[in-house]
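Heads up: the sequence shown at position 162 corresponds to 161 in numbering that gives the first Met the number 0, and the numbers run straight through without jumps.
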Amino acid sequence: MFRYATIPLLCLLVFLPSSRLAQDKPETPEPEPATIQLTDCLVLPSVGKYGRSPVHIDALEALILEGKFSNPEPGDVVVNSDGESIAWQSATAGDDGWVRGDDYRGANACWVVPSDKEQTVLLHARGHSWVYANGIPHAGDPYGFGYVRTPVRLKKGDNTFLFGMGRGSLKAELQLLGDAPPRLVFGRDWTLPDLVVGQQPAKQMFGAVDVINTTESTLEIVP
Numbered sequence: 000m001f002r003y004a005t006i007p008l009l010c011l012l013v014f015l016p017s018s019r020l021a022q023d024k025p026e027t028p029e030p031e032p033a034t035i036q037l038t039d040c041l042v043l044p045s046v047g048k049y050g051r052s053p054v055h056i057d058a059l060e061a062l063i064l065e066g067k068f069s070n071p072e073p074g075d076v077v078v079n080s081d082g083e084s085i086a087w088q089s090a091t092a093g094d095d096g097w098v099r100g101d102d103y104r105g106a107n108a109c110w111v112v113p114s115d116k117e118q119t120v121l122l123h124a125r126g127h128s129w130v131y132a133n134g135i136p137h138a139g140d141p142y143g144f145g146y147v148r149t150p151v152r153l154k155k156g157d158n159t160f161l162f163g164m165g166r167g168s169l170k171a172e173l174q175l176l177g178d179a180p181p182r183l184v185f186g187r188d189w190t191l192p193d194l195v196v197g198q199q200p201a202k203q204m205f206g207a208v209d210v211i212n213t214t215e216s217t218l219e220i221v222p
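1) Check for me: the alpha helix (DSSP H) holding E72 runs from which residue to which?
2) Compare the Cα-Cα distances from H123 to each of L169, G134 and A86 and report the closest residue.
3) Is the beta carbon of G82 closer than 9 Å to that of M164?
4) Suppose you measure from the CA of N225 to the CA of T91; what does that come to, to the nearest Å?
5) Indicate the three-state DSSP secondary structure (helix, strand or coil) for L62 in the structure shown.
6) Quick check on the burial criterion: 16 or more other C-beta atoms within 10 angstroms. Buried or exposed for E60?
7) Can you round the beta-carbon distance between K112 and L173 to whole angstroms, since I take them to be within the 8 Å contact cut?
8) Determine the closest residue to V78 out of G50, G100 and S45, with distance taken between C-alpha atoms.
9) Using the Cα positions of S128 and E65, report the straight-line distance between them to the nearest angstrom.
10) Kindly provide the ranges of any beta strand (DSSP E) runs that are 3 or more residues long and lie completely inside the region 68 to 118, ordered along the chain.
11) For A124, does the three-state DSSP call read helix, strand or coil?
12) So who's on the other strand from G47, going by DSSP bridges?
13) Name the residue from G134, V54 and D101 whose alpha carbon lies nearest to the alpha carbon of S69.
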């Protein structure tokens, strides 16, 4: 047991001084990826009825399913199931990047992003129940943990992101991948086993790592 416990420490003591001497200058940190932040958008206060039910009523989603949805303008109205006309209104994110409002619980937000070319980006949104990206539905991050990153293919021209705001707050950004070739990106929601010092690990230990496929092909990952 002593041998296993001290080998990592001895290796650290041997290699640490030489690594410090080899550093003539501080390492340059990797640059942060370029992003497009959600700042201005349109918000539609709730036009649906939600709850812990297998189905819900939503007048805006009904328009989407009927193929009648188009990018709104401030003042455009949607008629809810009670016959009330609810208007789209302009909204701006705060200094912290979050869009919030007193009547935004269960609301919808529409964000239009122009692109000068076709490209794949990673959508990083928090606080949303779901999102339609150019008409394609994706899961949300209603509790705002920040783990959900969704690859989205932007078209040349305007791209529409329609969010369900869930609890009434939303933060979103697009991470630009640049001209790098499509690839797999490891996410941040890892589930890994614990190794306990002094205990022999099991012959098989399992973990899970979320992998984001930014390519346009279906990939098979064999463990």
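For every residue, glycine included, the Cβ atom is placed at its ideal position computed from N, Cα and C. All values derive from a computational prediction rather than experimental measurement.
Per the coordinate set shown:
1) That residue, E72, is in no alpha helix (DSSP H); it is neither H nor E in DSSP.
2) For the residues L169, G134 and A86, the minimum Cα distance to H123 belongs to L169.
3) For the 9 Å CB-CB criterion, M164 and G82 do not form a contact.
4) Examination of residue 225 is not possible in this model, given that the chain is present from 0 through 222 alone.
5) Three-state result, L62: helix.
6) In this structure E60 is buried. Its beta-carbon is surrounded by 16 or more other beta-carbon atoms within 10 angstroms.
7) First, the amino acid is wrong: residue 112 is Val here, not Lys. About 7 Å separates the beta carbons of V112 and L173, which is inside the 8 Å limit, making them a contact pair.
8) Looking at the Cα atoms, S45 is the closest of the given residues.
9) About 21 Å.
10) DSSP runs (the beta strand (DSSP E)) wholly in the region 68 to 118: 76 to 78, 84 to 86, 88 to 91 and 107 to 114.
11) Strand.
12) According to DSSP, G47 bridges with D57.
13) If we check each option's Cα against that of S69, G134 comes out closest.
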